[in-house]
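K.L.:
At position 201 of the sequence shown the residue is numbered 1205 (our numbering), and the sequence of numbers has no breaks.
Think of the CB as a built atom: it goes at the ideal place given N, C-alpha and C, for glycine as much as any other residue.
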Amino acid sequence: MHLAVHLTVYVLTTALGILLVLFLANSDWHQPVAAWCSTAGGIATLSTAAGLFLAAPLIHFLVWWGRMLRSREISYTTDTGRIAVGLIAIEEALTRALEGEPEVKKAHVHVLEDRVKRTVIIDAVMTLWEVPNVTERNRFCQRLLRRRFAELMPEKDAVQVNLTVHRLNVRRPEDRTANATTMVAPPVPAKERRDPGDESDVRPSIEPTDDLYVGPTYPVSRDDDDPFQVRPPTTRVGRKKTQ
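1) At which residues does the alpha helix (DSSP H) containing A981 begin and terminate?
2) Could you tell me which residues DSSP puts in a beta bridge with S1079?
3) Residue range of the alpha helix (DSSP H) that E1155 falls in?
4) Can you list, in chain order, the residues of its chain with a C-beta nearer than 8 Å to that of L1253? Leave out the 5 residues immediately preceding and following it.
5) Going by DSSP, which residues form a beta bridge with H1112?
6) Rounded to the nearest angstrom, how far is the Cβ of L1149 from that of A1128, given a contact under 8 Å?
7) Here's a check: name, in chain order, each residue in its chain whose Cβ is nearer than 6 Å to the Cβ of L1020, leaving out the five neighbours to either side.
8) Can the beta-carbon of E1096 be found less than 8 Å from the beta-carbon of V1115?
9) Going by other Cβ atoms of all chains shown within 10 Å of its Cβ, with 16 needed for buried, is V1165 buried or exposed?
10) Taking DSSP as the reference, what is the three-state secondary structure of T1123?
11) What is the rounded straight-line gap between the Cα of A1100 and the Cα of L1156?
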């Protein structure tokens, strides 16, 4: 819409500029143009051009005024100053809250602040898995959005939540498997965690091939100079005395 208004203004202003240049170059050309404008076709063309010239700036002004009335941020004043929160951050948080529900397949949340009525408007478009009671599910999602927004912005109490169910999808077997709950191991306490940078507790890994390696063997000979070697007992043979 905004682009179409700009293109219309550019085309009309270009055509008007060309007409003014032709009028300055040759002042006699306007006589046949004036004669054509007196016909029915000329009157219709001039009326359409005049309407576009008046409507284009008016539409541009209305778009700008709508943006001013519905700001893209929520601001409030405290004792220490003014605080502003971008609506994109709030939209992402509300979208995560909706998509965290098992019955919601996809959600898109749009948040606006009406500065005239001082009201925050939450528009949510959802794609749900097929449920028995759609009305009850919508009410639950409304309460969920209102509660989550109150946690994020407790200063704003005037909130309007609008829900639109775009589609109801049938849950397939693979979707049920993907959404099934899985057992998650409990977190390890901080005291029992091992610092990966501490090298004192790191032990060398033993590869399976290390156990299969057998080194060469050599025969071991006794060393007579070894004082710690246990020698077998020897018998002393005495000499015979000669007479």
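P.N.:
In short, the structure shows the following:
1) Only positions 1005 to 1247 of the chain appear in this structure, which leaves residue 981 out of reach.
2) A1088
3) V1138 to L1156
4) With the chain covering 1005 to 1247 only, the question about residue 1253 has no answer from this structure.
5) V1129
6) 6 Å
7) If we look at L1020 and ignore the five residues flanking it on each side, it has no Cβ neighbours.
8) no
9) Looking at its Cβ environment, which holds 16 or more other Cβ atoms inside 10 Å, V1165 is buried.
10) strand
11) The identity of residue 1100 in the sequence shown is Arg, whereas the question assumes Ala. Using only the alpha carbons, I get a separation of about 13 Å.
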